[in-house]
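First the structure, in the form of C-alpha cells, and then the observations on it.
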Amino acid sequence: MDVSRSTVLGELGTSKAAARIRAAAIEVFAAKGYGAAGTREIAASIGLSPGAVYPHYKTKEALLYAISLEGHADVLDTVTAADHAGTSATERLMSTVHAYVGWHAEHHAGARVAQYELRSLSPEHFAVIAEIRRSTSRVFSEIIETGSAAGEFDPVDVGVATLAITSLGVDVSRWFPSMKFSDADVIAAGYVELALRMVGARKP
Numbered sequence: 001m002d003v004s005r006s007t008v009l010g011e012l013g014t015s016k017a018a019a020r021i022r023a024a025a026i027e028v029f030a031a032k033g034y035g036a037a038g039t040r041e042i043a044a045s046i047g048l049s050p051g052a053v054y055p056h057y058k059t060k061e062a063l064l065y066a067i068s069l070e071g072h073a074d075v076l077d078t079v080t081a082a083d084h085a086g087t088s089a090t091e092r093l094m095s096t097v098h099a100y101v102g103w104h105a106e107h108h109a110g111a112r113v114a115q116y117e118l119r120s121l122s123p124e125h126f127a128v129i130a131e132i133r134r135s136t137s138r139v140f141s142e143i144i145e146t147g148s149a150a151g152e153f154d155p156v157d158v159g160v161a162t163l164a165i166t167s168l169g170v171d172v173s174r175w176f177p178s179m180k181f182s183d184a185d186v187i188a189a190g191y192v193e194l195a196l197r198m199v200g201a202r203k204p
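Per full-length UniProt numbering, the very first residue in the sequence shown carries number 1; after that it's consecutive.
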C-alpha cells in the first residue's frame, strides 16, 4: 500500500479551519487522551460551535486518523530527507536518527497522539498508518544492513536494532520536555550516540 502525498492532503483537509481543528484536537487528545475527549470540547477550545468539526471530519475517529496520517507522513518525509545518499552508513544512521528523534521531541504533543492512540483507529485506517510506519522502519533497516555489509557496523539482528532505535525515538514524545531535558537537539544528539553503540559503529 503506497500512500501518496495527494492522498495525505485529501484525507487531512486543506482548509485553514481543518488545520485549526487538528491543532486543537492534538492539544485536547494529548492532555486528556482520545477516549476522554469529545469533539464539542475540541471545537469550544478554539471558539467554534459544537457542530463545527463535522463538516471537516465526520467522526472523532476520522479526526484522529487525520492527525495520525499527517504525523506519520511527516516523520517519513523527515527521515527520508535526512538519509543522504553517497555518504557512509554511519553518517546516514547519525543523520536519520537525529532527524527522527528531533521530530518526536519538537512535535511531542502531535507525536504522542499519533503514536499512542493507534488502537483507537479503525482497522482500515490502522492499515494505512502501519504501512507508513513500515516504510519509515525500512529506512533504518536498509542503513543498518548496508553498514553491516560494509564492515562499519558489528553484525546485529537488523530487525531488533531497527525496533530498538525507532521505539526509543517514539518514546521521546511521551515524556519530552522534562525538567532536566528541554532541548530537542541535545536529546537527538544523545540518541544518535546510543544508536551508534547499538550497532557497534564509531563516529566518522
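Here a beta-carbon is modelled for each residue, glycine too, at the ideal position from N, C-alpha and C.
Inset, instruction - Consult DSSP for L48 and reduce its assignment to one of helix, strand or coil. - result: coil
Inset, instruction - Give the straight-line distance between the Cα atoms of residue 216 and A44, rounded to the nearest whole angstrom. - result: Because residue 216 is not part of the residues shown, which for the chain are 1 to 204, the question remains open.
Inset, instruction - Go ahead and label T87 buried or exposed: buried means 16 or more other beta carbons lie within 10 angstroms of its beta carbon, across all protein chains shown. - result: exposed
Inset, instruction - Going by CA-CA distance only, name the one from H72, S15, V199, E152 that's closest to H107. - result: It is H72.
Inset, instruction - Can you give me the start and stop residues for the alpha helix (DSSP H) that E117 sits inside? - result: E117 -> no alpha helix (DSSP H), and no H or E assigned at all.
Legend entry - Per-residue DSSP class, three states only, for D185: helix
Legend entry - Spatial distance of R174 from G110 (CA atoms): Computed Cα separation, rounded: 10 Å.
Inset, instruction - Could you tell me whether the segment 77-91 touches the segment 39-54, where touching means 3 or more Cβ pairs closer than 8 Å? - result: no
Inset, instruction - Only counting runs of 4 or more residues, tell me where the alpha helix (DSSP H) segments fall wholly within the UniProt domain "HTH tetR-type" (15-75), in order along the chain. - result: 16-32, 39-45
Inset, instruction - Check whether the segment 75-84 touches the segment 17-37, taking contact to mean three or more Cβ pairs, one atom from each stretch, closer than 8 Å. - result: no
Inset, instruction - Give the DSSP-derived three-state secondary structure of R197 in the structure shown. - result: Helix at R197.
Legend entry - Straight-line gap, H56 to F29 (C-alpha atoms, nearest Å): In this structure, the straight-line span from the alpha carbon of H56 to that of F29 is close to 18 Å.
Inset, instruction - Apply the 10 Å Cβ neighbour rule to E124 and answer buried if 16 or more other Cβ atoms are within range, or exposed otherwise. - result: Counting the other Cβ atoms within 10 Å of the Cβ of E124 gives fewer than 16, which makes it exposed.
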